[in-house]
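Participant: Shown below is the structure under consideration.
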Amino acid sequence: MAEVVRNKKVVLRHYITGFLKESDMEVVARETISISLKTPDEGSPAAVLVKNLSLSCDPYMRRRMSHHEEPSYVPDFVPGSVITGFGVAKVVDSRNPNFVKGDLVWGMTGWEEYSLIQEAGHLFKIKYIDLPLSYYTGLLGMPGFTAYVGFYEVCSPKKGEYVFISAASGAVGQLVGQFAKLMGCHVVGSAGSDEKVEILKNKLGFDEAFNYKKEPDLNAALKRDLPEGIDIYFDNVGGAMLDAVLPNMRLQGRIAACGMISQYNLEQQEDVHNLLYIVTKRIRMEGFFVFSYLHKFREFEDKVAQFVREVKIVYVEDIVEGLENAPAALIGLFTGRNVGKQLVVCEVADRERERERGREMEGGVGNKKVVLRHYVTGFPKEDDMEVVAAETIPLKVPEGSSEAVLVKNLYISCDPYMRGRMSKYENDSSYIPDLLPGSVITGLGVARVVDSTNPKFVKGDLVWGMTGWEEYSLIENPEGLHKITYADVPLSYYTGVLGMPGLTAYYGFYDVCSPKKGEYVFISAASGAVGQLVGQFAKLMGCYVVGSAGSDKKVELLKNKFGFDEAFNYKKENDWNAALKRYFPEGIDIYFENVGGAMLDAVLVNMRLHGRIAVCGLISQYNLEKPDGVHNLFCLVSKRIRMEGFLVTDYFHKCGEFEEKVIQYIREGKIVYLEDVVEGLESAPAALLRLFTGSNVGKQLVVVSRERKDAPDAITNPKDHTSLNETSHCTRYFPEEIDIYFENVGGAMLEAVLVNMRLHGRIAVCGLISQYNLEKPEGVQLSVLSRIQSHPDGGIPRT
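When we follow full-length UniProt numbering, the leftmost residue of the sequence shown carries the number 1, and every step to the right adds one.
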């Protein structure tokens with residue numbers, strides 16, 4: 001007899017007008033429906049039954065929630081039925097010869113725990129199972145494919161061109177920008193928050209970006225950031241942004257109409273007035289549909305997987321956990337709440353956990369790890385470390401170990417002190433033991449307990465502390481392991497703001513520096529894991545704060561994100577002494593030292609009487625065989641300066657006090673934290689080296705295995721909009737719709753034609769005569785451009 005399970009699902013309650021609300025959808029509880037885990041004999045002979053792992057939230061889904069008298073390019077949902085969309089799943093049973101039980105797949109599925117897919121034409125086997133499965137809802141799935149064909153095929157880009165992308169931090173836009181940078185283009189993006197703007201510039205490598213909500217004049221913003229004009233516009237928004245882009249396009253510019261998310265919740269779309277520029281500037285504006293390019297999917301998949309492995313592109317995901325949170329996650333797309341690709345993990349027990357359980361039953365797991373190949377002198381290189389696939393290990397603490405803990409590592413931290421452990425110290429001068437060549441590298445991380453014989457820890461506990469750079473670590477003496485108290489914040493915070501760097505910043509500033517309100521504080525390496533927090537603690541104390549960093553982008557972060565009063569790029573300062581005198585004409589009361597060397601020498605002569613220097617680290621010296629000399633130490637005497645070194649381990653007994661205080665700061669929005677995250681243990685050596693080249697922006701960490709992320713906040717609704725549209729004349733004369741429209745008129749005629757165009761129709765925009773005598777051109781709604789090409793070549797067919 002076939003096994004039976006309950007099947008939670010999300011259904012559409014009714015057709016929607018205006019802005020989408022959570023109450024428009026309903027989560028049907030587990031107790032109400034059950035399905036068999038064997039495909040039924042009746043129905044399609046090619047049916048596939050899948051267990052859904054991750055579900056994608058995409059803007060086009062909003063259109064499917066309204067009733068359309070004229071068929072849309074994708075069918076409307078039926079009220080009372082399950083919502084469908086793209087997702088990642090595991091095959092539970094199959095009558096389809098192309099799929100077998102256990103296959104990992106992506107494609108169109110239901111917003112439910114299990115889906116019976118009668119026709120599997122839009123189901124695809126996952127090729128690269130070594131990459132995060134969630135990537136097949138985004139980077140390696142429909143959004144990634146959309147970005148790839150939209151940019152390379154529709155936009156026909158050339159090196160050196162000027163590219164503008166709206167909704168640039170979203171699932172598609174973030175990739176278009178990175179593809180454009182790889183092509184050698186100048187790239188500008190718009191987004192809806194300062195946080196997203198920083199991600200575009202500092203993580204995704206855009207040349208410039210702006211927060212459109214803070215721009216009273218979008219046209220002026222585009223002229224400012226793209227003074228030479230725009231060659232390529234990748235349109236995800238429509239409406240007013242498109243209207244502002246058109247006059248800023250260059251001759252022969254191309255517009256890829258990918259989506260118009262600003263219009264999806266409006267009963268009547270906003271008008272676009274500047275279409276005459278399509279003629280005068282010979283612009284090509286083309287809608288496209290990703291499934292028209294399926295023959296190119298394998299080319300795309302191979303190319304982008306290679307980009308990911310070579311770290312030529314990165315991908316930002318916004319993950320919520322649990323099917324019950326899917327409605328709120330979808331709505332977040334239309335309020336701008338999401339940061340990156342929005343997706344829903346159906347269960348915490350994802351593919352990795354399922355594999356882990358299966359392999360535990362078989363007796364063990366393979367354990368990938370990073371080892372030190374040999375002692376290092378000078379600057380470390382990636383080949384000083386080696387990623388090895390070690391022998392199988394059991395997922396049990398060995399017999400006879402009464403205090404041990406076996407953990408699965410989720411995040412590992414890259415920290416400057418680790419460089420010191422990679423060299424051999426003959427005189428035991430280091431405060432922490434050297435690593436042994438051939439052994440696994442160890443450092444701080446976040447993990448989940450898999451097995452324990454220690455009474456302080458049980459299976460399932462989330463912990464942070466010293467662990468190995470490997471998938472699983474057996475910790476024989478877990479004295480340095482701490483239970484995670486606040487599991488409602490990102491777990492990665494326990495490698496940074498709530499872990500060792502945060503503890504270092506907190507007690508280094510408050511205890512070692514003994515600060516007072518109004519004092520002058522200087523921080524070197526100020527955008528790093530520790531420095532960014534010291535600066536914010538100092539501002540909360542009421543101090544005047546200046547930081548130094550190694551790039552203009554980091555300087556902007558210090559001033560605009562972390563609230564420093566001033567900051568400077570030390571690489572652009574020929575005379576650090578002069579720079580400090582410029583920023584501290586009254587001198588420095590507190591110096592939080594992360595760098596050493598010449599910077600310390602310059603600071604000493606600028607210290608005030610009874611100044612305090614907290615010596616946290618000397619990162620500029622770690623790769624030198626002989627440290628730089630410091631010449632101005634007599635200032636310690638003449639200015640009665642207290643210079644004090646400290647180790648964070650001296651403050652572990654105060655961890656609870658620190659954690660309680662800082663979590664309050666986070667929840668109140670008094671401090672923020674920036675992380676630089678890379679995916680996969682194999683990327684760890686390169687990530688560590690980034691600390692010493694200044695390539696990292698914020699706390700550098702590595703994701704070994706993702707298991708959870710938090711749900712979004714509550715969402716508010718904007719106002720609805722209304723207007724009018726008529727298409728009856730075109731419908732009467734073209735009941736089969738229009739393939740080609742030769743446009744000489746514009747205005748209302750163009751609007752009527754658009755909704756009557758056939759798939760892949762072509763419009764040659766020769767003129768807009770009805771508009772030439774108007775002070776303000778009539779508006780035209782363009783949301784139907786999804787698969788229509790607009791070619792302005794003066795009536796000459798475009799080749």
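By construction, the Cβ of each residue, glycine as well, lies at the ideal position given by its N, Cα and C atoms.
Values in this document were obtained by computation on a predicted structure and should not be read as measured data.
Output yes or no for whether 7 Å exceeds the beta carbon distance between P764 and F742.
Facilitator: Rather than Pro, the amino acid found at residue 764 in this sequence is Ala. Yes, the pair counts as a contact, with Cβ atoms nearer than the cut-off.
Participant: Check whether the Cβ atoms of L674 and G698 lie closer than 7 Å to each other.
Facilitator: Against a cut-off of 7 Å, the Cβ pair of G698 and L674 comes out as a contact.
Participant: Pull up the CB-CB distance for A27 and E324, whole angstroms please, since I reckon it's below 8 Å.
Facilitator: The amino acid at residue 27 is misidentified as Ala; the sequence shows Val. With a Cβ gap of about 5 Å, V27 and E324 count as contacting.
Participant: Exposed or buried, which one is S723 when buried takes at least 16 other CB atoms within 10 Å?
Facilitator: Per-residue confidence for S723 stands at a pLDDT of 27, beneath the threshold of 50, marking its modelled position as unreliable; the derived number appears in the next sentence. S723 should be labelled exposed.
Participant: By how many angstroms is the C-alpha of K516 removed from the C-alpha of V637?
Facilitator: V637 and K516: Cα-Cα distance of roughly 22 Å.
Participant: Is there contact between the region 648-666 and the region 617-635, where contact requires at least three CB pairs shorter than 8 Å?
Facilitator: Contact between the region 648-666 and the region 617-635 is absent, because fewer than three Cβ pairs lie under 8 Å.
Participant: Any idea if R419 is buried or exposed, counting beta-carbon neighbours within 10 angstroms, 16 or more meaning buried?
Facilitator: With 16 or more Cβ atoms within 10 Å of its Cβ, R419 is classed as buried.
Participant: Could you tell me the alpha carbon to alpha carbon distance between L204 and A171, rounded to whole angstroms?
Facilitator: Looking at the two C-alpha atoms, the distance is approximately 12 Å.
Participant: For the putative contact between G468 and V450, defined by C-beta atoms under 8 Å, what is the C-beta separation to the nearest angstrom?
Facilitator: That pair is no contact at about 13 Å.
Participant: Enumerated in chain order, which unbroken segments of the alpha helix (DSSP H) with a length of 4 residues or greater are wholly contained in the region 279-363?
Facilitator: Qualifying alpha helix (DSSP H) stretches, in chain order: 297-309, 326-335, 351-362.
Participant: Please determine, among L330, F297, L609, L182, the residue with the shortest C-alpha to C-alpha distance to Y60.
Facilitator: Ranking L330, F297, L609, L182 by Cα distance to Y60 puts L330 first.
Participant: Given a cut-off of 7 Å on the beta-carbon distance, is the pair L116 and L49 in contact?
Facilitator: Going by C-beta atoms, L116 is nearer than 7 Å to L49.
Participant: Closest by CA to P416, which one among P327, P79, V10, T442?
Facilitator: Of P327, P79, V10, T442, the residue nearest in Cα terms is T442.
Participant: Please classify N202: does DSSP put it in a helix, a strand, or coil?
Facilitator: Residue state, collapsed to three classes: helix.
Participant: Under a three-way DSSP split, which group does D243 fall into?
Facilitator: It is helical.
Participant: Please name the residue, chosen from K51, R13, I16, that lies closest to V5 on a Cα-to-Cα basis.
Facilitator: Residue K51 is the option with its Cα nearest to V5.
Participant: Using DSSP's beta-bridge definition, name the partner residues of A191.
Facilitator: According to DSSP, which records beta bridges pairwise, A191 is partnered with N211.
Participant: For H482, which beta-bridge partners are listed by DSSP?
Facilitator: According to DSSP, H482 bridges with W464.
Participant: Could you tell me which residues DSSP puts in a beta bridge with F234?
Facilitator: Looking at the DSSP assignment, F234 forms a beta bridge with I165, A256.
Participant: Among the candidates I484, I83, S473, V497, whose CA atom is the shortest distance from the CA of D676?
Facilitator: Out of I484, I83, S473, V497, V497 has the C-alpha closest to the C-alpha of D676.
Participant: Closest Cβ-Cβ distance between L701 and chain B: below 7 Å?
Facilitator: In the structure shown, chain B does not exist; there is a single protein chain.
Participant: Can you find at least 3 beta carbon pairs, one from the region 257-264 and one from the region 228-243, that sit closer than 8 Å?
Facilitator: The answer is yes - the region 228-243 touches the region 257-264, with three or more Cβ pairs under 8 Å.
Participant: Taking buried to mean at least 16 other C-beta atoms within 10 Å of its own C-beta, is V92 buried or exposed?
Facilitator: By the neighbour-count rule (16 or more Cβ atoms within 10 Å), V92 is buried.
Participant: Enumerate, from N- to C-terminal direction, the unbroken beta strand (DSSP E) stretches of 3 or more residues contained entirely within the region 633-671.
Facilitator: Whole beta strand (DSSP E) segments, 3+ residues: 642-645.
Participant: Buried or exposed for A168, going by 16 or more other Cβ atoms inside 10 Å?
Facilitator: Answer is buried; the Cβ neighbour count reaches 16.
Participant: Since N569 and A549 should fall inside the 8 Å C-beta cutoff, what is the C-beta to C-beta distance between them, to a whole number of angstroms?
Facilitator: Right, the Cβ-Cβ distance comes to about 6 Å (below 8 Å), so this counts as a contact.
Participant: Whole angstroms are fine: how far does the CA of G173 sit from the CA of D271?
Facilitator: Cα to Cα, D271 sits roughly 23 Å from G173.
Participant: On a CA-only basis, which of N560, V463, T453, F457 is nearest N409? Give me that one, please.
Facilitator: Checking every option, the nearest Cα to that of N409 belongs to V463.
Participant: Of the choices F334, Q268, K90, whose alpha-carbon is the least far from that of G192?
Facilitator: When only C-alpha atoms are compared, the closest one is F334.
Participant: Among K213, R250, V105, N202, whose alpha-carbon lies nearest the alpha-carbon of K223?
Facilitator: Cα-wise, what sits closest to K223 is R250.
Participant: Touch check for the region 62-80 and the region 364-379: three-plus C-beta pairs under 8 Å?
Facilitator: No, because fewer than three Cβ pairs between the region 62-80 and the region 364-379 fall closer than 8 Å, the two stretches do not touch.
Participant: May I ask you to report which of helix, strand or coil DSSP gives K90?
Facilitator: The answer is strand: DSSP assigns K90 an E or B state.
Participant: In whole angstroms, give me the CA-to-CA distance for V245 and L275.
Facilitator: Their backbone Cα atoms lie some 10 Å apart in a straight line.
Participant: CA-CA distance, R62 and S514?
Facilitator: Answer to the nearest angstrom: the Cα atoms are 55 Å apart.
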